[in-house]
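Residue numbers (UniProt numbering): 1 to 415. Heads up, the beta-carbon is just placed ideally off N, CA and C, and yes, glycines get one too. Nothing here was measured: the structure is a model prediction, and the numbers come from that model. Single-structure report; data block below.
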C-alpha cells in the first residue's frame, strides 16, 4: 500500500514535528519558570518569605533540568539566598550564594567580572552575620576590584566596602588596619564633599566608626573630636529629630562619661533619649531596621567595645544611680522600638553591658552580674555562642562571677 519512499518521508515528517514540539515545550517550561520568578520576587517584596521560597525552588528545579549550569540558574540561587537572608538563616544563605558565585565565575568572561560585586558583598554580609570575620574580610576584598572596575573609586558602594572591611577588622581587634580603611573612606567622602556630589551620611558613619575605634584604643580626646564631627554632619543630613541622630548623641555622651565629664555626658545622653520620643509623636519610628528589607540585622553594625579598657567615671552613689536610670530609660526605648523582635536588639546588649559596668564599678556585684547575664542572653540569641562578642561577654561575666565568689569567701573568712 505504501512504498518505501513514502514511509521514510512520513517518518521524517514525524521526527521534525516532535523536534519542533519539544523545542516549544522547553520554551513553554522556561516561560513558566520566568513567570514563577516574577511571582516569587513580588511575594518577596510583600514579605511572604515561605511562599516566595517555594516559587524560587520550583524555578530552580526546572532550570537545573533544562538549563544546567546557566546564568539564570545562578540568579535563582541568588534569589533563594536572599530569602534565607531575610529569614535570618545565614548558613543556608551562604550555601546558595556560593553556588551562584561558582556558576558565574565559571561562565562570565573576565571583562564582565564587575557584575559580581553585589554578589560578593551579599556573601560577605552573610559570613559577617555568622561571625566568620576572616572569611568576610577576604570576600569584601574580592568585591573591591569589581566595585572599582564598575563604579570607580568615588562611589558610595566603594566607600561602604571600605567601611565594612574596617568594622570586620575592628571586630578582630585589628584597630590600626581598621583605621587605615576608615581613613580611605573619609578621604573619598571629603573629596566628594568639595564637589557637592556625595551622600552626607556616608561621611557621618565613617567618622563615627573611626570614633569607635579610637574610643576602644583609649584615645578619648580624638574619639570625642570624631564623634562631634559625625554628629554635626548627621544633623545636617537627617535633622535634629531623627533616631539615627540620637544614636550619635549616645556615642558622644558615652565618651564624655568615660572621660569622667559626667555632667556633660549625662546632658548629651539625655538629649539622645529625648529625640526618638519626640520623633515618634509625628512619625512612626523605624528603629534601626534595614530600610530596604525591614529586617533587623543581627550582626555587629557597630564596632565592639573592649571590656575593662575604660572607667565609667561615677564619682559618687548619686551619679551612679542617675547613670543607671538613664541606661534603664534607654532600654525601655529600645524595647518599645523593637516590638516585632520581642524587644531584642544588639544595642540592648550594649546598654545592659554599660549598666553592668557601672554597678560593678560601684561595688554592686550581684546586680552587675544580673545585668551582664541579660547582655549575654541577648548576645547568644542574636549572634550565637561562637561569635566574638558573645565570647567576650562570657569572659567578662565569668570574671564578675569570680569577683563575687572571692568577696563572699573573704566575708566568711573575716567572720
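| query | result |
| --- | --- |
| Residue interval of the alpha helix (DSSP H) (run including residue 96) | 90-107 |
| Residue ranges of each alpha helix (DSSP H) within the region 172-201, 4 or longer | 175-195 |
| 7 Å Cβ shell around residue 147 - same chain, five flanking residues per side excluded | 117, 157, 158, 161 |
| Three-pair Cβ contact test at 8 Å for the region 129-136 versus the region 96-112 | no |
| Cut-off 6 Å between Cβ atoms - residues of its own chain near residue 53, not counting five sequence neighbours on either side | 83 |
| Residue 242 in three-state terms, based on DSSP | coil |
| Between the CA atoms of residue 361 and residue 315 - distance to the nearest angstrom | For residue 315, the predicted structure reports a pLDDT of 36, less than 50, and the residue's modelled location is therefore unreliable. A value from the coordinates is still provided. Straight-line Cα distance between these residues: approximately 10 Å. |
| Whole-angstrom distance between residue 28 and residue 6, CA atom to CA atom | 33 Å |
| The alpha helix (DSSP H) enclosing residue 132, as first and last residue numbers | Here residue 132 belongs to no alpha helix (DSSP H), and DSSP marks it neither H nor E. |
| Cβ-Cβ distance between residue 368 and residue 359 below 7 Å | yes |
| Exposure of residue 411, with buried meaning 16 or more beta-carbon neighbours within 10 Å | Confidence is the limiting factor: at residue 411 the pLDDT is only 47, short of 50, which leaves the residue's position unreliable, though a coordinate-based value still follows. Its Cβ having fewer than 16 others within 10 Å, residue 411 is exposed. |
| Expected contact under 8 Å - CB spacing of residue 79 and residue 56 to nearest Å | 5 Å |
| Extent of the continuous alpha helix (DSSP H) to which residue 58 belongs | 49-66 |
| Whole-angstrom distance between residue 179 and residue 152, CA atom to CA atom | 22 Å |
| Option nearest residue 351 by Cα separation, candidates 36, 365, 207, 374 | 374 |
| Span of the alpha helix (DSSP H), counted from its first residue to its last, around residue 219 | From DSSP, residue 219 is part of no alpha helix (DSSP H); its letter is neither H nor E. |
| Beta-carbon spacing of residue 355, residue 371 below 7 Å | yes |
| Proximity of residue 169 and residue 206 at Cβ, strictly below 7 Å | no |
| Where the alpha helix (DSSP H) through residue 46 begins and ends | Element bounds for residue 46: n/a, residue is neither H nor E. |
| C-alpha gap between residue 175 and residue 62, whole angstroms | 48 Å |
| CB of residue 237 within 7 Å of CB of residue 200, strictly | yes |
| Residue 205 (DSSP reduced to helix, strand or coil) | helix |
| Cβ-based neighbour list, residue 209, same chain, cut-off 7 Å, excluding 5 preceding and 5 following | 163, 166, 167, 182, 303 |
| Endpoints, alpha helix (DSSP H) assigned at residue 82 | 71-86 |
| Assumed close pair residue 136, residue 127 - CB separation to whole angstroms, cut-off 8 Å | 4 Å |
| Coil, strand or helix - residue 253 by DSSP | helix |
| Residue environment, residue 348, which counts as buried when at least 16 other CB atoms sit within 10 Å | buried |
| CA-to-CA distance, residue 185 to residue 154, given in whole angstroms | 10 Å |
| CA nearest to the CA of residue 139, picked from 119, 150, 149 | 119 |
| Whole-angstrom distance between residue 85 and residue 233, CA atom to CA atom | 32 Å |
| Nonlocal neighbours in the same chain, by C-beta distance under 8 Å from residue 64, ignoring five residues either side | 73 |
| Contact belief for residue 248 with residue 223 at Cβ below 8 Å, rounded distance in angstroms | With a Cβ gap of about 12 Å, residue 248 and residue 223 do not count as contacting. |
| Presumed contact (8 Å Cβ cut-off) between residue 59 and residue 31, rounded CB distance | Not quite, the Cβ-Cβ distance comes to about 12 Å (not below 8 Å), so this is no contact. |
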